[in-house]
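Protein chains: 2
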Amino acid sequence: MAVALRRPQRADARRNFEALLVAAREAFAENGTEASLEDIARRAGVGIGTLYRNFPTRQDLFEAVYVEEINQLARVAEEVAGRPPWEALTAWLDQFVSYVGTKRAVIEALNRESEMFRSCRATMYEAGEPLFTRAQQAGEVRADASFDDLLRLVAGLTSGTYVDDAQRDRVLGIALSGLRA
Amino acid sequence: MAVALRRPQRADARRNFEALLVAAREAFAENGTEASLEDIARRAGVGIGTLYRNFPTRQDLFEAVYVEEINQLARVAEEVAGRPPWEALTAWLDQFVSYVGTKRAVIEALNRESEMFRSCRATMYEAGEPLFTRAQQAGEVRADASFDDLLRLVAGLTSGTYVDDAQRDRVLGIALSGLRA
DNA sequence: TGCCAACCGGAGGCACCCCTCCACTAATCT
DNA sequence: AGATTAGTGGAGGGGTGCCTCCGGTTGGCA
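See below:
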C-alpha cells in the first residue's frame, strides 16, 4: 500500500512540482539537509515563490522526497514476493541498501513524530516484514532477532563508508551471517 | 603512540586554546559540522579573532578535535592489552563505539587526504589491530575478516539510531556473532 | 618594576539565505 | 474567444555567518 502525496491540479503546476521534487532529491543528496532552498528552486528552473507555495517548510520537502522513496520500496517487495524465503529477503534488502545509502541525510532530518512519517513507516513494514517472518519461520533466521533489528543493522552498515563496494558487501555478509539461525 | 597537537606558548593563549577545543567538540556534537564558528567562540568566552588565530580554517578545528579523540582511543588500547583475546577486543570496541557515536559528524567532515588524518589513522591501527590479530590467531575470529572490516562494521552500526540501548547492543551482538569463527 | 612582543576581541564589509508579498501570466472552462 | 482564477517568480527586508583588520591589553622576562 502506497502513501499518497497531494499533487497540484493544473498541468504547469504539476510539472513544477515534479521538477522541485527531483531538484530537492539531488540537492539533499549532494549538500545534505541544509541545502539552500533558493538553489533548489534554481535547479528546478522555478521561482523561489513557487517552491514555497508547494512546500511551505523545509520539512515538507523532506517528507515529499521520503514518501517517493518509500513507495518505491513497497513496489520492490511485491516484485520479490515469489522467490524463496532467504533470497527474497536479501533481494529486498538490496533495494533497502540503495534507499538508505543516498537518502540518509533526509531520513535523519525527518520529523519522526509526524503523521506522514508514521504511515511511511507502516508502509515499509507491510512491505518487508512478511519477507522476514517467512524466512524466520523457514528456520533461516535466528529466532531472537526482530525485523526492526534487521532494518537498523542494514541501515547502519550502509550509511558508513567503505574502501570499495566489495568491502561493503563483505561487511554486510559478515553481519548477515550473524543473523542466520 | 600519540599524535601531537601544537599548542600555544603563553598561559592565557593556551587556556583559550583548550576552551575553544572543548567548545568546538560540544558545538559539533550538538549542531553538526556546520555549527557557527561565532557561536563556538562565544561558548569558549573568546573573541572570534582568537578562534581564527588558533584555527585558521574550519578543517583545522575538526582535526584538532579528532586528534584528541584518537589519543584517548590509543590510551584505552594499552589499558586492555592484558586481558584475554576476545574480551580485550570487545572492550576496546566499546570505547570505539562511544568515540564514533558522538563524533560522527566531525569524522565525516574530515579531509581524509591530510597528513594529520593519515597519522591519526595509523595511531588507531597501532592501538587496535594487535587486539584483533591476537583474537584471530586464537581462532576466535573468522579468518576472512580484516581489522578494517571490523572497524567499519562497528562504526556503521554505531552511527545508526535505535529504540534503546538494549536494541543497539542486540544488533551489535548479531553482527559480532557473524564475526566469530 | 617596566618593557614589549604576543595575544586579545569585536566592529565592519561582504555574501548568502530565508521568507513574504503582489503585480503579472496562462491553463482551463464555458 | 473571453472570463476566471490558479499559479508564477523575483524584488526586497531582515537575519546570520564568514573572515579581516587593528587599536587595546597582558603575560613573562630582565
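Chains as they are written, first to last, in my numbering: chain Z, 1 to 181; chain U, 1001 to 1181. From the three backbone atoms N, C-alpha and C, an ideal C-beta is built for every residue, glycine too. These numbers come from a predicted model, not from an experiment.
key: Within-8 Å CB hit, residue 200 of chain Z to chain U   = It is not possible to answer for residue 200 of chain Z, since the shown part of chain Z is limited to 1 through 181.
ask   = Who does residue 180 of chain Z pair with in a DSSP beta bridge?
value = Z:141
message = Between the alpha carbons of residue 28 of chain Z and residue 1045 of chain U, how many angstroms are there, rounded?
response = 34 Å
query = Could you check where the alpha helix (DSSP H) with residue 1049 of chain U kicks off and where it finishes?
reply = 1048-1054
task = Kindly provide the ranges of any alpha helix (DSSP H) runs that are 4 or more residues long and lie completely inside the stretch 35-90 of chain Z, ordered along the chain.
result = Counting only runs of 4 or more, we get 37-44, 48-54, 58-80.
request  = Grab me the residues of residue 1116 of chain U's own chain with a C-beta within less than 6 Å of its C-beta, minus the 5 sequence neighbours each way, in chain order.
outcome  = 1063
ask   = Among residues of its own chain, excluding the 5 on either side of residue 101 of chain Z, which ones have a beta-carbon nearer than 8 Å to its beta-carbon?
value = Hits under 8 Å: 158, 159.
inquiry  = If you reduce the DSSP assignment to three classes, tell me which class residue 1162 of chain U lands in.
reply    = coil
request  = Please state whether DSSP places residue 135 of chain Z in a helix, a strand or coil.
outcome  = helix
Amino acids of chain Z, ordered along the chain, whose beta-carbon sits closer than 9 Å to that of residue 1113 of chain U = In chain order: nothing, as chain Z lies at least about 14 Å away.
request  = Kindly list, in the order they appear in chain Z, the residues whose Cβ is closer than 8 Å to that of residue 1156 of chain U.
outcome  = Result: 156, 157, 158, 159, 160, 171.
key: 8 Å Cβ cutoff, residue 95 of chain Z in contact with chain U   = no
query = Can you list the residues of chain U that residue 145 of chain Z reaches, using a CB-CB cut of under 8 Å?
reply = 1170, 1174
query = Which of the residues in the stretch 1024-1048 of chain U, read from start to end, lie with their CB under 7 Å from any CB of chain Z?
reply = Close to chain Z, meaning a Cβ-Cβ distance shorter than 7 Å, are the following residues of the stretch 1024-1048 of chain U: 1034.
request  = Identify every run of the alpha helix (DSSP H) within the stretch 1097-1138 of chain U, keeping only runs that are complete inside it and at least 4 residues long; order them along the chain.
outcome  = 1115-1137
task = Starting from the Cα of residue 17 of chain Z, find the closest Cα among Z:165, Z:32, Z:54 and give me that residue.
result = Residue Z:54 is the option with its Cα nearest to residue 17 of chain Z.
inquiry  = Rounded to whole angstroms, what is the Cα-Cα separation between residue 1019 of chain U and residue 129 of chain Z?
reply    = 49 Å
request  = Anything in chain U within Cβ reach of residue 164 of chain Z, meaning under 9 Å, just list it in chain order.
outcome  = Correct list: empty, because the minimum Cβ distance to chain U is about 11 Å.
query = With DSSP run on the structure shown, which of helix, strand or coil describes residue 1168 of chain U?
reply = helix
inquiry  = Could you tell me the alpha carbon to alpha carbon distance between residue 1015 of chain U and residue 1025 of chain U, rounded to whole angstroms?
reply    = 16 Å
request  = Would you check if the stretch 1032-1045 of chain U and the stretch 173-181 of chain Z touch, i.e. whether three or more CB-CB distances between them fall below 8 Å?
outcome  = no
task = Assuming residue 1123 of chain U and residue 1070 of chain U form a contact by the criterion Cβ under 8 Å, report the distance between their Cβ atoms to the nearest whole angstrom.
result = 5 Å
inquiry  = In whole angstroms, give me the CA-to-CA distance for residue 126 of chain Z and residue 112 of chain Z.
reply    = 18 Å
query = Would residue 1021 of chain U pass as a contact of residue 1065 of chain U if the rule is Cβ separation under 8 Å?
reply = Closer than 8 Å, so yes.
key: Under 8 Å from the C-beta of residue 101 of chain Z: neighbouring residues of chain U   = Those do not exist, as residue 101 of chain Z stays about 11 Å from chain U at its closest Cβ, beyond 8 Å.
query = Quick one: what does DSSP say residue 5 of chain Z is sitting in, helix, strand or coil?
reply = Three-state result, residue 5 of chain Z: coil.
query = Can you find a CB in chain Z that lies within less than 8 Å of the CB of residue 1128 of chain U?
reply = Interface criterion not met: the Cβ of residue 1128 of chain U is under 8 Å from no Cβ in chain Z.
Delimiting residues of the alpha helix (DSSP H) encompassing residue 201 of chain Z = Nothing can be reported for residue 201 of chain Z: it is not among the residues displayed for chain Z, which extend from 1 to 181.
task = Leaving aside the five residues before and after residue 114 of chain Z along the sequence, list all residues of the same chain whose C-beta is less than 8 Å from its C-beta, in chain order.
result = 59, 63
query = How big is the Cα-Cα spacing for residue 119 of chain Z and residue 67 of chain Z?
reply = 9 Å
inquiry  = Run through chain U and tell me which residues come within less than 9 Å of residue 178 of chain Z, C-beta to C-beta.
reply    = 1173, 1174, 1175, 1176, 1177, 1178, 1179, 1180
message = Please list, in chain order, the residues of the stretch 58-78 of chain Z that have any C-beta partner in chain U closer than 9 Å.
response = Against chain U - using a Cβ distance shorter than 9 Å - the stretch 58-78 of chain Z contributes no residues.
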